[in-house]
Amino acid sequence: LIQLYVPLNFMGTLYREIKQAVTDIEMMFGLLERDPEIKDAPDATPLAIRAGTIRFEDVHFHYNASRPILKGISFEVPAGRTVAIVGPSGAGKSTLSRLLFRFYDIAQGRITIDGQDIRTATQASLRQAIGMVPQDTVLFNDTIRYNIRYGRWDASDDEIEEAARNAQIDHFIRALPQGYEAEVGERGLKLSGGEKQRVAIARTILKSPPILILDEATSALDSHTEKEIQDALERVSRGRTTLVIAHRLSTVVTADEIIVLDAGTIAERGTHGELLARGGLYASLWNRQREADEARARLAQIAEDE
Ligand code: ATP
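Take the sequence shown: its letters are residues 319 to 624, numbered as in UniProt numbering.
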């Protein structure tokens, strides 16, 4: 029996590893959103991560040759720092994160991590080094504990609960009648967008990758939830090289640098304070969002009063 058990056990582990690698990718962007032509170079080596510095050097990219999406983008995310990408809808923000994962190859330029062109690294090692908190997390039809453990299969129950505490979701889980054993997903408990995002943060805390991509939620959350999520994101990004894809602007205020993307080029760059003082595209995006948020808050207040 032992003879049968060992290979089966091995296959189980292998299956889970493959499933995790594949599902990570699928869950982030959807299987259709990657180029099936992307393969490891014959002499690809595992990425050797030291500090985790990311550089985009004169990056040009198009999905279809007739329509350039990025037109010579250069920026650096120094090790352990946070850079936020903002800009109007369709500017190419999420595209940058897909390129960092090498879901597509670029037409010109280089993307490096600690000086290594990501095209020379194995895709498995690249994806292992990067954690992603997507804006819309897909949960498995399983327990909430399983859904968090997915970040790292060998995590202990204590580690899972600690990750949940750091992700500000532990309170919520403990209040459920079945706690960590509650079933979630399509057939189980439906979690809100903010709760799902905190499960994703807990997963990422368990995975503990040196590089992090935070894809900020597009939709507005209530201000209490937003504050909780921001705190959780701040904890998970501390000390890690972090690229924030900011569809709204709430998480960018404390970024070390903000890159304002417009129609595939960098229109402005600087800190929140510098960009507001400049009174350009960032300032107008910021003001527009503030007005929208204020209007939403007024409407919510009216609804509450009635
Ligand atoms: P948003 O804030 O609305 O999410 P974004 O700045 O993240 O926008 P991207 O998702 O990077 O924008 O898209 C940039 C442009 O590339 C858009 O015009 C989009 O239509 C186009 N695009 C995105 N994905 C694909 C794809 N798989 N094939 C072809 N075009 C695409």
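Don't be surprised by glycine CBs; every beta carbon is placed ideally from N, CA and C. The model shown is predicted, which means the values in this text are computed figures rather than measured ones.
For G469, the secondary structure class from DSSP, reduced to helix, strand or coil, is coil.
For H590, the shortest separation between its Cβ and any heavy atom of ligand 1 does not lie below 6 Å. Residue pairing by DSSP puts P386 in a beta bridge opposite H380.
With 16 or more neighbouring CB atoms inside 10 Å of its own CB, E534 falls in the buried class. Across the structure, F458 and L414 are spaced so that their CA atoms are roughly 27 Å apart.
If you draw a straight line from the Cα of A573 to the Cα of A402, it comes to about 6 Å. Between I431 and R420, the C-beta gap is not smaller than 7 Å, which leaves the two residues out of contact. When DSSP states are grouped into helix, strand and coil, F458 belongs to the coil group.
Bounds of any beta strand (DSSP E) do not take in G582, whose DSSP letter is neither H nor E. When secondary structure is reduced to three states using DSSP, T430 falls in the strand class.
In this structure the stretch 482-489 touches the stretch 516-529; the number of beta carbon pairs closer than 8 Å is three or more.
L365 is a Cβ neighbour of A439, given a cutoff of 7 Å. Taken through DSSP and simplified to helix, strand or coil, V395 comes out as strand. With a minimum length of 3 residues, the unbroken runs of beta strand (DSSP E) contained wholly in the stretch 518-565 fall at 529-533, 559-563. Just measuring C-alpha positions, the residue of D623, A425, R416, A618 sitting nearest V562 is R416.
DSSP places G506 in the coil class of the three-state scheme, outside both helix and strand.
In this chain, the beta strand (DSSP E) harbouring I403 covers 400-404.
Put simply, of D472, E622, H378, A383 the residue whose alpha carbon is nearest the alpha carbon of G410 is H378. Where I478 is concerned, the enclosing alpha helix (DSSP H) starts and stops at 475-484. Look at D423 here: in three-state DSSP terms it is coil, with no helix or strand label. G588 has I576 as its beta-bridge partners, per DSSP. Collapsing the DSSP output to three states places A595 in a helix. Closest in alpha carbon position to D423, among P495, E355, A615, T461, is E355. I547 and R516 do touch by the CB rule: their CB atoms are close to 7 Å apart, below 8 Å. According to the DSSP assignment, I491 belongs to the alpha helix (DSSP H) that extends over 488-493. For R416, the uninterrupted alpha helix (DSSP H) run begins and ends at 411-418, by DSSP.
Non-local beta-carbon contacts of T583 in its own chain, meaning distances under 6 Å to residues more than five positions away in sequence, involve K389 in chain order. For R445, the enclosing alpha helix (DSSP H) has its first and last residue at 441-447.
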